[in-house]
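There are 4 protein chains.
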Amino acid sequence: MATTRVGIIMNGVTGRMGYRQHLLRSILAIRDQGGVELADGTKLVPDPILVGRNRDRLAEIAAEAGIERFTTDLDEALAGDDEIYFDAQLTSVREEATLKAMAAGKDIYTEKPISESLEGSMRLARAAAEAGVRVGVVHDKLYLPGLLKLKRLVDGDFFGRILSVRGEFGYWVWEGDWQTAQRPSWNYRTADGGGITTDMMCHWNYVLENLFGKILAITARTATHIPERVDEQGNTYQATADDAAYAIIEIEGGIIVSINSSWAVRVHRDELVEFQVDGTEGSAVAGLHGCVVQHRAMTPRPVWNPDEAETERYRDQWAPVPDNATFDNGFKAQWEQFLKARAGEGEHPYDFLAGARGVRLAEAALRSHAEGRRIELEDLTL
Amino acid sequence: MATTRVGIIMNGVTGRMGYRQHLLRSILAIRDQGGVELADGTKLVPDPILVGRNRDRLAEIAAEAGIERFTTDLDEALAGDDEIYFDAQLTSVREEATLKAMAAGKDIYTEKPISESLEGSMRLARAAAEAGVRVGVVHDKLYLPGLLKLKRLVDGDFFGRILSVRGEFGYWVWEGDWQTAQRPSWNYRTADGGGITTDMMCHWNYVLENLFGKILAITARTATHIPERVDEQGNTYQATADDAAYAIIEIEGGIIVSINSSWAVRVHRDELVEFQVDGTEGSAVAGLHGCVVQHRAMTPRPVWNPDEAETERYRDQWAPVPDNATFDNGFKAQWEQFLKARAGEGEHPYDFLAGARGVRLAEAALRSHAEGRRIELEDLTL
Amino acid sequence: MATTRVGIIMNGVTGRMGYRQHLLRSILAIRDQGGVELADGTKLVPDPILVGRNRDRLAEIAAEAGIERFTTDLDEALAGDDEIYFDAQLTSVREEATLKAMAAGKDIYTEKPISESLEGSMRLARAAAEAGVRVGVVHDKLYLPGLLKLKRLVDGDFFGRILSVRGEFGYWVWEGDWQTAQRPSWNYRTADGGGITTDMMCHWNYVLENLFGKILAITARTATHIPERVDEQGNTYQATADDAAYAIIEIEGGIIVSINSSWAVRVHRDELVEFQVDGTEGSAVAGLHGCVVQHRAMTPRPVWNPDEAETERYRDQWAPVPDNATFDNGFKAQWEQFLKARAGEGEHPYDFLAGARGVRLAEAALRSHAEGRRIELEDLTL
Amino acid sequence: MATTRVGIIMNGVTGRMGYRQHLLRSILAIRDQGGVELADGTKLVPDPILVGRNRDRLAEIAAEAGIERFTTDLDEALAGDDEIYFDAQLTSVREEATLKAMAAGKDIYTEKPISESLEGSMRLARAAAEAGVRVGVVHDKLYLPGLLKLKRLVDGDFFGRILSVRGEFGYWVWEGDWQTAQRPSWNYRTADGGGITTDMMCHWNYVLENLFGKILAITARTATHIPERVDEQGNTYQATADDAAYAIIEIEGGIIVSINSSWAVRVHRDELVEFQVDGTEGSAVAGLHGCVVQHRAMTPRPVWNPDEAETERYRDQWAPVPDNATFDNGFKAQWEQFLKARAGEGEHPYDFLAGARGVRLAEAALRSHAEGRRIELEDLTL
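Residue numbers (my numbering), protein chains in the order written: chain A, 3 to 384; chain B, 3 to 384; chain C, 3 to 384; chain D, 3 to 384.
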């Protein structure tokens, strides 16, 4: 069977996300399975070159993974004939490196947020259009079983007219004094690009627009519930970034989304993030993995008798949506879709404009908080 | 044992709430138990006179309840020597009747909303001050086991510094075509005083201010998710009032409240309404009857690995708060507290100003929606 | 409140069905609740006169029930001014008595089968048309919770296009030797009007045509699985009537019904009778009381691997349909509907033609068996 | 220990059934366990040569399985000295290849249906008789635990006189649009040999005749419930073959079988196929793996009170039949029985006439539907 090598410059794989999700569980997994198979039987086999700042760590990773090529010099890597540049660096240095890669004619596949600002995001989108390169931005949550099932329900018109969406994301991130924090301290500093609004709105944007439709407006309050934390070195620091965001988002068709994101909330749910979708014909509650439904035919008729103890077991009145398919790792699945689309097979619509819309939603949320008003979102065009 | 008769003019007991909660389960229950006992052993025994417009229905109720006095003439009733005027009429006629009762020197005990407008509410508050009468406004939810436990937790400083509150209220009210609606059609018509915002914000106001502190601001979006319904006679009608309200409320001390109220949502909770309270030391989830907690010492340390199926059973990591007491019917408990306070024993702080603050929150929510901005609330004074 | 007396001649209430279901649980229950209320508040109060052959038993029943009027002379009863004649006698004597009652100008309410033959049924239908009397035939199963929920699902278009129905009815009727039989021996003798086909096809006819549509054809095999039984007196007798019927029924729209009725089957179901309905959008399994559904969104994707033990728990993948209403006794509910319709309020479409279609289906089933072929059903007209 | 090599020409092992059940789980499993042991200790060791049309796929399978011999030329294979010809090709090409193999003197072991027509099946039977070769036709379901237990019950005279059998087979095969189909599209096209009647009646024939006795007649209705489907390439196509068959089968001794097969039914059973057998002494419900019984002594005495909710838990009144043995894979068990019988040890009665009776039942079912009548089955003789 014919195979085609696809050279991929992987920048930022020394970080947790880049290493675990993109290198190990995506690129190496694809290589180990013999590549991505096209309709004509050709297999696209990724051939990564690792780029980073820490030579020792790079060498270690390369050895473990059986990769021969690595370098600390991005320019050197870009001068080669590898076709794709992948970026999983800190957000603050992503825009510059990505512009450089496009200037070198590379196709781009990158983590989100694609830039620290909407302005920078649009710069990237315009540069990609000028350079004529293909771009993919990570939308990993869309590929997870729970949201795939939610999409299946939307596609199968399970909900009838969709009325509302409730999203709850969060968990208790320890302050770092009594028990160590399970997130890096830069997440809590504005100067380092931290803040839950910036982090999560990019996700909610693509989840909402791909599942339910175009986002029209947002009203939000953010908060820094825990103002003082202890960092990786045991030093106390001021949390300057927001650690919670309470938002009301409006989607075309009159859909109202109430979505809360918080690193200062305890979890009384089945999963760390859950979405409840209510429609005229039925409702669903989906996490990233599970999904349950209550069709109109199964819907009870509660009567509001506040003085009497509840006897209904409401949660038992929902039924699980079966898998009915095998779900691959979400990051890997998107990599495969991107590689295939690059080879002319199928679509991969998640480009810099999609990435820019995510950054825009985060900016609008912060502005809504600052100005105490609802922000309407205009269309983004090049 | 000495007993003291307390004459109570009960207006509006032909309605479901007035009849079931106030007459049957409060006043008659108090009468049947021999009255409310004061510290000196004296018993206050309520002696109701029923007032309403439908003489047949009044006669029927009076006969069933073993009550001798009833009339369709409010003025006649007010001319008597009964000390308390109680009002459970439709909101639209409450203000006028209550003013008349105060003019006759009666103490007031009344359902909420106390008036259709903040302006009217303040008129009532001023009239009460001038007349020097005692006033009680129904705050029944505060007396339910779930919220009593939440109050107990607040009073015991369980939460440390309270950071946020999430409230979810609602259930699926049938449209009336396929299955009959379990709420009256006037609830869905603005002209008849309908709307979930008007109905529920009065409740949320007293719950929040009594549990967590002074309310400073509100940002809200309302919606009419189901625009067409079928009424009690089988006729289709346009729903002009809102059937859902999504609100973010700010309370002193930096507490953020996200609270959704909807008659177009399916229930994936333990109770029809639930509040989650998160604080630095612990969290609680309370319905009207149950309450569970997760103390800091019980708090897990979840790591965000979206690509892996959840293995923690988060809900099992909460522990129930035991009753440790017998909770009486909430309406009856508040009646008893009011009657005692009137007799100089204990406090009953839920007066017309409290009622006015409830109406004010509802008005502010509607204004926030209309103007697309956050509304700050000024102090209300006479 | 105005009340109107409705005189009802009840013939055959000494039998189990007539006594328990029609007299005790319907007519007396209606009387005890004050009658059937019309829209204008008028109450129709039934006033029964009992007719039967056993004077002592009649007297006993009348005394127990607080009924003053009873007689063994049907003609005497028909000569009075009672408006309705009700018949729950043995099928073999029903036609004659009913014709007589119509001749006396009485409205008719009767058990099924309305006659022993289709010919006799049509005679009744024509006589009713000529006499201009109102007729009701018992369709009690339609009023039971399970089938009401199934009807609700059909009305709410839960199934999409309905494809097929599977019905299983039956239980083990003891032979009478080792353990006593729980059905009367005449059920097993053709000469006495016995046979499960004759008994049950009348029910299946109205269930199927009211839930799913017009019946077009039937193919059936009957059997007498247990040829010898022991009767109430301990005597062995030959079972000449069929005790099982296996039928395939075709309904308009391409719906295929497979329905088995048997008194010689052991029960491996939740209820003695169950219907499974499958449609493009969802399926339901309903008994007379319960009903569970599996919507398309909950439908698994089994793969046929016969060599591996089953790991799916298919039955757990169905969800119950909630009551969402209070269901009255089915016999009483139909009596009330008939009495109201007679008074000009609402409809009661189950007349002699409906009854005749039931008898026709039973005859067609027997003919299909005898001739070894599918029988198409022509429309019945007067 | 002496071993005897048995050369087996395996044609059609690139298909799912041939590969998985016959090659991997039967022939290779027998080889890996050292062969089939005869009474004298001799071991029959299968030595397969693979035949197929796709050389690459054959090479791949051979490499994986550690098989040296494979060819795309059937004539070449038949010219060798291998003793057995095995056929798991598409039905449409089976007859010709099998005739050729018999002409070459090979013994035959083959999948069912043995031919596309009864006529072709009888040609095969006659050719086998003339050639004097030994023949085995796959009857795999007979070897599965559930049916083995049912056979055990029949042999132990558990049922007394058997009265009736109810069979339900089926599951929801996805249409291919919203969720991909779990069966190949040719199953739904008559021109390609599709249709559930053709597929399943061959199975039901051998199950029924080996468990219960000679089949005398069949009455059936078939249906194409889902007329339009989406194939493996995402193209919509017309389903020309039947996807459901509703049949009533008569077996000697007055046994009536009601058996439904459908690819458009949702599963409310414990297994995808289940048989309920009722006899005078007891009943059983068996799937392919499980089996429960209710003996006469355990049989309840239900009374038909349709107006009261069921309180009996009928399903709990059945008791499981224990394994009391280890059941090998059904396909392998039959291969072993065939190989032993060929070597003169024991019997393997499932020959071409048995296969022909299966085809005959399928043809009779289709004819019964087409002609709207019961079809009696004559004995098949050479």
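No residue lacks a Cβ here, since even glycine has one placed at the ideal position from N, Cα and C.
Any Cβ of chain A within less than 8 Å of the Cβ of C/Leu368? no
By DSSP's criteria, C/Ala321 is part of a beta bridge. Which residues make up the other side? C/Val295
* Other residues of its chain near B/Thr93: CB distance less than 6 Å, five sequence neighbours each side excluded -> Pro115, Glu118 and Gly195
Under 7 Å (Cβ pairs) to chain D, residues found in the region 156 to 173 of chain A
Asp157 and Gly158
Requested in this report: In the DSSP assignment, find the unbroken beta strand (DSSP E) run with B/Tyr352 in it and report its ends.
Outcome: No beta strand (DSSP E) holds B/Tyr352; DSSP gives it neither H nor E.
ask   = Taking the alpha carbon of A/Val269 as the point to measure from, which residue in A/Asp280, A/Gly289, A/Gly348 and A/Phe161 has its own alpha carbon closest?
value = A/Gly289
**Message:** Does chain C have any CB closer than 8 Å to the CB of B/Gln181?
**Reply:** yes
- Chain-order list of residues whose beta-carbon lies under 7 Å from that of D/Thr199 (same chain, five-residue window excluded): Thr224, Asp244, Ala247, Ala364, Ala367 and Leu368
message: So if I threshold CB-CB distances at 9 Å, which residues from the region 305 to 339 of chain C count as touching chain B?
response: Asn326 and Ala327
### Message
Please confirm whether C/Thr192 has its beta-carbon closer than 8 Å to some beta-carbon of chain D.
### Response
no
Could you spell out the range, first to last residue, of the beta strand (DSSP E) harbouring C/Lys334?
It is not in any beta strand (DSSP E) - C/Lys334 instead sits in the alpha helix (DSSP H) that spans Gly332 to Arg344.
If we ignore side chains and look at the alpha-carbon of each, how far apart do D/Glu97 and D/Thr192 end up?
18 Å
Partner residues on chain B for A/Asn262, Cβ-Cβ distance less than 8 Å: Arg168 and Ser260
Requested in this report: Would you kindly check if the distance between the Cβ of D/Glu254 and the Cβ of D/Leu418 is under 8 Å?
Outcome: Residue 418 of chain D lies beyond the stretch modelled for chain D, which goes from 3 to 384, so this question has no answer here.
Exercise for the section: Let me know the secondary structure DSSP gives A/Leu363 once reduced to three states. Expected result: helix
Check: Hey, quick one: how far does the alpha helix (DSSP H) through A/Arg128 stretch, first residue to last?
Finding: Leu120 to Ala133
Taking 8 Å as the cut-off, does the region 142 to 150 of chain C touch the region 299 to 311 of chain D (at least 3 CB pairs, one atom from each stretch)? yes
> D/Gln181 to C/Leu379, Cα distance in whole Å?
Replying inline: 39 Å
Pop quiz: D/Leu80 and D/Lys108 are said to be a contact at Cβ under 8 Å. What is the actual Cβ separation, rounded to whole angstroms? 7 Å
task = Label D/Lys334 either buried or exposed according to how many other C-beta atoms from any shown protein chain fall within 10 Å of its C-beta, with 16 as the threshold for buried.
result = buried
Simplified DSSP assignment, three categories, for D/Tyr316
helix
Q.
I'd like to know if the region 172 to 189 of chain D and the region 226 to 235 of chain D are in contact, where contact means that at least 3 CB-CB pairs between them fall below 8 Å.
A. yes
If the cut is a Cβ gap below 9 Å, which residues of chain D does C/Asp142 touch?
Pro308 and Asp309
Below 8 Å, how does it come out for the region 291 to 307 of chain C and the region 251 to 265 of chain C: are there three or more Cβ pairs, yes or no? no
Taking CB distances under 8 Å as the criterion, tell me whether A/Val269 reaches chain B. yes
**Study point:** Contact with chain A by B/Ala266, beta-carbon distance below 8 Å
**Key:** yes
Pick from C/Tyr111, C/Ala64 and C/Ile228 that is closest to C/Glu85, judged by C-alpha positions | C/Tyr111
Q.
Between A/Trp176 and chain B, is the shortest Cβ-Cβ distance under 8 Å, so that the two count as touching?
A. yes
Alpha-carbon spacing of C/Gly14 relative to B/Ala90, whole angstroms
53 Å
With a threshold of 8 Å between beta-carbons, can A/Ala130 be considered close to chain C, or not? no
Between D/Gly256 and chain C, is there a C-beta pair that is closer than 8 Å?
yes
Original post:
Which class does B/Thr93 belong to by DSSP, given the choice of helix, strand or coil?
Top reply: helix
query = Quick one: does C/Ala288 have its CB under 8 Å from some CB of chain A?
reply = no
Taking its Cβ as the centre, do 16 or more other Cβ atoms sit within 10 Å of D/Asn326, making it buried, or is it exposed?
exposed
Kindly indicate the opening and closing residues of the beta strand (DSSP E) around B/Glu234.
Careful: B/Glu234 lies outside any beta strand (DSSP E) and carries neither H nor E.
Min CB distance B/Ser187 to chain A below 8 Å = no
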